[in-house]
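Numbering (the UniProt record's numbering), first residue to last: 1 to 316.
Cβ atoms here follow ideal geometry from the backbone N, Cα and C, with glycine treated the same way.
Comments concern the structure below.
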């Protein structure tokens with residue numbers, strides 16, 4: 001195998017590799033990564049076999065807070081080595097060793113690796129975690145997500161059942177479509193500001209652009225009362241996982257169980273369309289060191305269990 005820097009002319013081959021891969025999603029594609037523009041210094045790598053064909057892609061950028069550190073990838077939920085089955089066992093150990101050596105040779109001091117959680121894999125592909133241990137990597141960050149196995153779902157809690165009953169009799173309607181994004185973003189910004197004093201990671205213009213680039217993967221679902229949106233969710237959909245990227249509800253929505261109705265509708269639709277899991281997202285603060293227990297409990301009451309999102313660090 002040989003390794004080299006990604007170039008723009010490689011975008012087609014890169015995207016095809018992600019499409020055919022065991023563990024890649026649309027977040028790994030150059031179309032998605034490119035929406036960041038110049039926000040990050042891209043240092044992505046491609047691994048090729050002896051015939052010069054790409055066997056793995058490694059999306060990566062310089063840590064915006066530490067110029068001597070590399071992250072795979074700071075702009076997406078998970079990064080890691082994306083491959084289509086060519087890197088197993090010692091081949092993965094060798095590939096990750098080549099990546100570490102490449103960055104070390106050009107002067108970087110550490111590599112942070114955001115592994116793809118197992119339930120996003122088409123075929124099990126955790127050889128990278130084994131390779132990290134062989135390179136003396138350490139677990140640097142761990143966040144807890146609530147995930148529903150759509151074919152082995154836990155029980156709804158009594159509280160969630162009561163909220164869904166209330167929502168059913170409130171006159172709420174479920175709607176979806178990218179034309180809802182402006183109203184949803186206003187609701188989201190207000191909710192995050194009032195409850196957590198933060199702003200969404202994406203701007204409305206960014207998420208609108210992404211929804212146009214990935215119309216099959218990004219969906220806005222909302223609950224409306226009359227003509228007013230009172231709750232909603234932005235969904236990221238991969239081959240087998242639906243993820244709630246953003247959730248929001250106003251006071252009227254909370255009184256009527258509107259977010260419960262949005263989520264239950266999304267869960268049932270994900271299963272109907274052949275999905276295997278619904279990821280309700282992590283509930284952490286301070287880089288995983290603090291768990292928002294109330295938010296996590298709310299999510300698990302839909303029949304979800306816990307899955308960790310891990311970030312490892314390898315010193316170069």
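Only counting the same chain, and skipping five residues up and downstream in sequence, which positions put a Cβ closer than 6 Å to that of residue i?
i: residue 42; result: 61
i: residue 252; result: 230
i: residue 246; result: 188, 234
i: residue 170; result: 256
CB-CB under 7 Å to residue i, same chain, minus the five flanking residues each way: which ones, in chain order?
i: residue 36; result: 75
i: residue 10; result: 46
i: residue 177; result: 220
i: residue 305; result: 147, 154
i: residue 287; result: 141
i: residue 275; result: 150, 240, 241, 242
i: residue 127; result: 87, 88, 89, 92
i: residue 189; result: 199, 200
i: residue 208; result: 181
i: residue 187; result: 229, 232, 248, 250
i: residue 21; result: 82, 83, 84
i: residue 135; result: 96, 97, 100, 314
i: residue 258; result: 167, 172, 223, 230, 231, 249
Would residue i pass as a contact of residue j if the rule is Cβ separation under 8 Å?
i: residue 231; j: residue 266; result: no
i: residue 40; j: residue 214; result: no
i: residue 123; j: residue 89; result: no
i: residue 58; j: residue 81; result: yes
i: residue 54; j: residue 96; result: no
i: residue 23; j: residue 130; result: no
i: residue 156; j: residue 261; result: no
i: residue 5; j: residue 15; result: no
i: residue 137; j: residue 103; result: no
i: residue 185; j: residue 172; result: no
i: residue 159; j: residue 264; result: no
i: residue 307; j: residue 152; result: no
i: residue 56; j: residue 109; result: no
i: residue 197; j: residue 225; result: no
i: residue 78; j: residue 125; result: no
Have a look at the options and flag the residue whose alpha-carbon is nearest the alpha-carbon of residue i.
i: residue 277; options: 171, 303, 89; result: 303
i: residue 111; options: 92, 72, 28, 223; result: 72
i: residue 281; options: 296, 289, 269, 275; result: 296
i: residue 143; options: 19, 209, 309; result: 309
i: residue 311; options: 246, 289, 300; result: 289
i: residue 66; options: 107, 78, 51; result: 107
i: residue 132; options: 169, 94, 49; result: 94
i: residue 44; options: 192, 3, 299; result: 3
Residue range of the alpha helix (DSSP H) that residue i falls in?
i: residue 92; result: 90 to 105
i: residue 189; result: 181 to 196
i: residue 18; result: 11 to 20
i: residue 293; result: 293 to 300
i: residue 70; result: Not the alpha helix (DSSP H): residue 70 falls in the beta strand (DSSP E), residues 66 to 72.
i: residue 33; result: 30 to 33
i: residue 133; result: 127 to 134
i: residue 139; result: Per DSSP, residue 139 belongs to no alpha helix (DSSP H); it is in the beta strand (DSSP E), 138 to 149.
i: residue 173; result: From DSSP, residue 173 is part of no alpha helix (DSSP H) but of the beta strand (DSSP E) over 173 to 176.
i: residue 158; result: 158 to 168
Residues in the same chain with beta-carbon distance under 8 Å from residue i, minus the five sequence neighbours each way, listed in chain order, please.
i: residue 292; result: 283, 284, 285
i: residue 272; result: none
i: residue 64; result: 39, 40, 74
i: residue 210; result: 32, 35, 202, 218
If I follow the unbroken beta strand (DSSP E) through residue i, where does it start and stop?
i: residue 57; result: 54 to 58
i: residue 63; result: 61 to 63
i: residue 48; result: 45 to 48
i: residue 109; result: Unbroken run through residue 109: none, as it is neither H nor E.
i: residue 318; result: Because the chain in this structure spans residues 1 to 316, residue 318 falls outside the shown range and cannot be described.
i: residue 282; result: 277 to 282
i: residue 306; result: 305 to 315
Closer than 7 Å: is that where the CB of residue i sits relative to any heavy atom of the ligand GDP?
i: residue 291; result: Ligands are entirely absent from the displayed structure, and the ligand GDP is therefore not among its contents.
Which ranges would you report for the beta strand (DSSP E) in the stretch 210 to 262 if only whole runs of at least 3 residues count?
-> Taking only runs of at least 3 residues, the beta strand (DSSP E) segments lying wholly in the stretch 210 to 262 are 218 to 225, 228 to 237, 241 to 249.
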